[in-house]
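Written out below as structure tokens is the structure these notes cover.
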Amino acid sequence: MDPSRRQFLKTAGVAAAAAAAGIVAKPLTAEANVHVEANPDRFGVLTDTTLCIGLNCRRCEIACAKENGNPPIDTPPEDESVFDHLRRTHENQFTVVNRYPNPHGADKHPIYVKKQCMHCDEPACSSACFVKALRKTKEGPVVYDASVCVGCRYCMVACPFDIPAYEYHNPTSPKVRKCTMCYATRTSLGRKPACVEACPKEVMTFGKRSDLIKLAYEKIQADPVRYERHLYGEHEVGGTSWMFLSGAPFEKIGLPEHLGDVGLPEYPRNYLSAAPLVMAIWPALWGGLYMFTKRRDELEKQEKEKGHETHDQEEK
Amino acid sequence: MAAPSIGRPAGSDWVREKIFLGMTPREYVRSLVTPGNAVAAVILAVGLPITFIRFTQGMGAVSNLSDANPWGVWIAFDVLCGVALAAGGFLTGGAVHLFGMKEYKPLVRPAILTGFLGYALVVVGLLFDLGRPWRLPYPMMVSLGTTSVLFEVGWCVALYLMCQAVEMLPPVFEWLGYKRLRQWAVGLTAGATVTAVVLSTLHQSSLGALFLIAPGKLHPLWYTMYLPVYFICSAIGGGIGMIIFESSLSHSYFKEQTKHHPHGEFDKLTIGLGKAGAVVMYMNFLLRWLGVAHDNRWELLTTGWGAWWLVEVVGFIGLPCLVYLWGYRKDNVLAIRIAAVWSVIGLILNRFNVGLIAFNYTSTERYVPRWTEIWVSVMIITIGVLIFRWMVNRMPILLQHPDYAGDEH
């Protein structure tokens, strides 16, 4: 085989392999980026923030620590100073209660809001994970598998609610840590999460998500003065398992309202679907250019040699 | 600076010629005692204990990374900047082998070596930043998270590293004197170059696409659907800047090796690159405004963040573009070198803005790197420079091996 033909086959082979990779990659990328197979019976929790007493309670925090084998909460429930600043979840604390001043007036009761993983229907953390360590279960909770986690912490970058935390001081087996909605011990068996069970004021209701949405709207309709006319989490970032009712604008109680109703995995999705296309088209384009350049040089060379020959003949 | 040795002497002579640059071991060690090496030694001497602490007490012991700021300088500098600045490798490879711009051939090998080392060091940097670095192959073989942009980045970087390794084989075999292997490696170059261009365009943009999933966290002046386009285009700008910067440094530092390439001729290449730089920077400048126009963010330009955005876009894209242009019109090599360094700083500024500064902009808990984090990054660059010098002193990277004079590769 002459070298240029072999070269062509080689380049064509690379192009074909890349195109094949593109074809394979397409359904793979499509699979988990589209809307999750939503189980209509998946569980959720409805939190009525107007009922939470906060101070002198924090039973949910205590129950959570116990259920997950985390160290007990380090400040006693009656210690008011924990509310001086807003807290987030950490490696050893999967839920925290924060206090917000009541926007309807300083004389009004402050608002306490429990914070934990929202268990999104289209979790950004899960779509961001390049080893599928995070997964939305059909029961509703988003769970984590430490056995494949590489520790890149892209899930923490992706989470719109700043929930996943990391064991930065563990050199050998650091894990991403967050609320699992008590999946292993409770919700996978149909039992309510520990925090829900521990709440003395029945702030939280555990049940089928579809039932909870109905319940929430009944509550809003029954007492439109008490509640904002919005169920937080019904549509936010494509819907969450943990939903909130509030007497104050959600933005004022630490629940961001600018996130939109589109599941966050949607944003990189278009980009990802373009990648196999590039893999299919680019090699042919650049390979073709390479061959064109090579051929042009060869012709130039031939032309030059020919020129030399005629020149030599003329001299003779 | 001794020139690389040629041919294949036998036995201990081989070691002496190939490794010790023709000196006895004693002479060689003595030749290493230089101010530059002393600085490198100090950097390594402090860096090694930091490394030890990192891998025995966790990354929390040496970094200011936190739950609120999971990515710090190790990602923003080592990965985001490292990959972008290594773009010179695929740019020169593509220009010479695909576009047939033969006059730039002397710049191909140093640029590909820089690119190869850049990528290899990105991986070294990742070892520090990943919680379980020994699981680096997991996304490739154990559990494939195909919905993640990071999955694409991981695959592309791994494959691209291999491509560049293939492109580095000819000079390595020339150094070792393996003629037949060298011929075989040269045959692979075309495929490697094409694959490298494909992979580069993909993963340079993927690095920008990483942030598409966090619309609420990255400031809207930086967050646009064009992020992937910005990243590939700015990498081309930064890559050109790096080729100019790195080749100018090499030409003055390794004088002995670049004698064959007269200064006048080299200056012409620099001016040609300056023209390309001007065009690319102009494109980048326009693209950035396009994002503001598309998302209608004009009102944000009057805020503090807007001022910072203008510093980046006007100060570090627009101005170096003008300096490039001026240098090209006036045949002023110095101006082009200044513009090159300027645009490289601009690129670093951009990656820092996206990865750290404009990221988490609403958070009350701001990230400031600890000195040990920066030291690790500096140590990694130092290792890169040392390896670059070691290879350039031995292999035909800057000069052409006389056995293969007139050869295409």
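So the protein sequences, as listed, match chains A and B.
Mapping to numbering that gives the first Met the number 0: the first sequence position 149 is 148, numbers consecutive.
Mapping to numbering that gives the first Met the number 0: the second sequence position 219 is 218, numbers consecutive.
For glycine and all other residues, C-beta sits at the position ideal for the given N, C-alpha and C.
Around the beta carbon of B:R287, 16 or more other beta carbons lie within 10 angstroms, which makes this residue buried. When C-beta atoms of the segment 220-232 of chain B are compared with those of the segment 363-382 of chain B, fewer than three pairs fall below 8 Å, so the two segments do not count as touching. For A:L85, same chain residues with a beta-carbon under 8 Å away, outside a window of 5 residues either side, are N97 and G253 in chain order. A straight-line Cα-Cα distance of about 17 Å links A:R228 and A:G238. Between A:Y289 and B:L97, the gap from beta carbon to beta carbon is short of 7 Å. Cβ-Cβ distances below 8 Å link B:A195 to G88, F89, G92, G93, Y159, C162, Q163 and E166 in the same chain, with the five nearest sequence neighbours on each side left out; the list follows chain order. Between the alpha carbons of B:R328 and B:K274 lies a gap of roughly 9 Å.
Contact between B:G290 and B:I316 is ruled out by a C-beta separation of about 13 Å, above the 8 Å threshold.
By the C-beta criterion, the segment 143-159 of chain B is judged not to be in contact with the segment 176-193 of chain B, since fewer than 3 inter-stretch pairs fall below 8 Å.
L271, A274, V277, M278, W281, P282, W285, G286, L288, Y289, T292, R295 and D296: these are the residues of the segment 271-296 of chain A whose beta carbon lies less than 7 Å from some beta carbon of chain B, given in chain order. Counting only runs of at least 4 residues, the segment 148-177 of chain A fully encloses the following alpha helix (DSSP H) elements, listed from N- to C-terminal order: 153-157.
Residues of chain A whose Cβ lies closer than 8 Å to the Cβ of B:V197 are, in chain order, A17, V277, M278, W281, P282 and W285. Relative to B:V122, the option among A:N38, A:C151 and A:S240 whose CA is nearest is A:C151.
Close to chain B, meaning a Cβ-Cβ distance shorter than 7 Å, are the following residues of the segment 149-164 of chain A: V149, G150, C151, R152, Y153, M155, V156, A157, P159, D161 and A164.
With contacts defined as CB atoms closer than 7 Å, A:F129 and B:F210 fail to qualify as a contacting pair. Taking 7 Å as the cut-off, the Cβ atoms of B:H218 and B:W297 do not count as close.
By the C-beta criterion, the segment 185-202 of chain A is judged to be in contact with the segment 58-70 of chain A, since at least 3 inter-stretch pairs fall below 8 Å. The Cβ of B:Y229 sits no closer than 7 Å to any Cβ of chain A.
At a cut-off of 7 Å, the C-beta of A:K107 has no neighbouring C-beta in chain B. With 16 or more other Cβ atoms inside 10 Å of its own Cβ, B:F127 counts as buried. Per DSSP, the continuous beta strand (DSSP E) segment holding A:D47 begins and ends at F42 to D47. Here B:W389 carries a helix assignment [DSSP, helix/strand/coil]. Here A:H118 really is in contact with A:S240; their C-beta atoms are around 4 Å apart, less than 8 Å.
In this structure the segment 371-391 of chain B lies against the segment 40-58 of chain B, because at least three pairs of beta carbons, one per stretch, are closer than 8 Å. Around the beta carbon of B:R108, a 10 Å sphere encloses 16 or more other beta carbons of the protein chains shown; the residue is thus reported as buried.
As a beta-bridge residue in DSSP terms, A:R98 pairs with A:Y111. Chain-order list of chain B residues neighbouring A:K131: S142, L143 and G144, by C-beta distance under 8 Å. Here A:V142 carries a strand assignment [DSSP, helix/strand/coil].
Here B:W73 is buried: its Cβ has 16 or more other Cβ atoms, across all protein chains shown, within 10 Å. In this chain, the alpha helix (DSSP H) harbouring B:K178 covers K178 to A208. Boundaries around B:W304 are those of the alpha helix (DSSP H), G303 to L309, since no beta strand (DSSP E) includes it. In this structure, the straight-line span from the alpha carbon of A:K200 to that of A:L50 is close to 7 Å. Closer than 7 Å to the CB of B:P69 there is at least one CB belonging to chain A.
Listed along chain B, the residues sitting closer than 8 Å to A:V147 by beta-carbon distance are R134, Y137, V141 and S142. At a cut-off of 7 Å between beta-carbon atoms, B:M58 makes contact with chain A.
At a cut-off of 7 Å, the C-beta of B:E151 has a neighbouring C-beta in chain A.
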